[in-house]
Amino acid sequence: DQQVKQNSPSLSVQEGRISILNCDYTNSMFDYFLWYKKYPAEGPTFLISISSIKDKNEDGRFTVFLNKSAKHLSLHIVPSQPGDSAVYFCAASVGSGGSNYKLTFGKGTLLTVNP
Amino acid sequence: EPEVTQTPSHQVTQMGQEVILRCVPISNHLYFYWYRQILGQKVEFLVSFYNNEISEKSEIFDDQFSVERPDGSNFTLKIRSTKLEDSAMYFCASSERTGGIRKLFFGSGTQLSVL
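Keeping their order, the protein sequence lines are chains A and B. Just so we're aligned, residue 788 is where the first sequence starts under the numbering used here, counting upward by one. Just so we're aligned, residue 151 is where the second sequence starts under the numbering used here, counting upward by one.
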């Protein structure tokens, strides 16, 4: 049951260019979306998030776009740097009223930024 | 920056043995979680814990699993009788709700190997 899907297992881009990572979801109850970055042997690190009341959120080089009608979000990294090379996870949560904000993760996309 | 700490970083055990994985969440956080990632697979939710009780658990979290917050700082995951398929990276996470931002902070994980 893949409620959050990242269909590209890997992506390779040149340093300085834009990286676009995509994510689709099926559960219309999701109202909060996050991107996490993960290096080997480390835990996921929060990158950026977006509430379903917005369609764009920007933080420095990172921008997340949300298209609710298409149940699709994307992460743009501009310009890409070699240090951005990591696995990127899309995650989503349902506002459950205060007892739980569990995340449902996608399978991740391995981003490689080549110098 | 405050962080979630997990011990040990690696745990090797024999099948059928009990293991306890330990976590110290961020001090002012109220929501606690365990996730796991089997090699090559996605990060999966196990259990969430709030107000000293389990708020949600997945089908993975069967009778062999239990969680406890024995004091004001530690959060533990116990597996009573480990199986080979319990081998995975186990991540502890914690969160607080601040102005509608619902992000989880993850520890670096405990790599559990069941032989």
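Here a beta-carbon is modelled for each residue, glycine too, at the ideal position from N, C-alpha and C. Just so we're clear, the structure is a prediction, and the values are computed from it rather than from any experiment.
DSSP places residue 203 of chain B within a strand segment (E or B) once states are collapsed to three. Of all residues in the region 229-260 of chain B, those with a C-beta nearer than 9 Å to a C-beta of chain A are 239, 241, 242, 243, 245, 247, 250, 251, 252, 253, 254, 255, 256, 257, 258 and 259, reading in chain order. The Cβ atoms of residue 230 of chain B and residue 199 of chain B do not sit closer than 8 Å to each other. Under DSSP, residue 261 of chain B takes part in a beta bridge, and its partners are B/160 and B/239. Checking the DSSP bridge columns, you'll see residue 846 of chain A partnered with A/849. For residue 831 of chain A, a Cβ of chain B is located within less than 8 Å of the residue's own Cβ. In terms of beta-carbon proximity, residue 193 of chain B lines the interface with chain A, with at least one pair separated by less than 8 Å. Taking 8 Å as the cut-off, the Cβ atoms of residue 808 of chain A and residue 897 of chain A do not count as close. Taking 8 Å as the cut-off, the beta carbon of residue 179 of chain B is found closer than this to the beta carbon of residue 245 of chain B. Your pair residue 841 of chain A and residue 873 of chain A does not check out as a contact, with CB atoms roughly 25 Å apart and the cut at 8 Å.
Setting aside the 5 residues that flank it on each side, residue 206 of chain B is surrounded in the same chain by 198, each with a C-beta closer than 6 Å to its C-beta; the list follows chain order.
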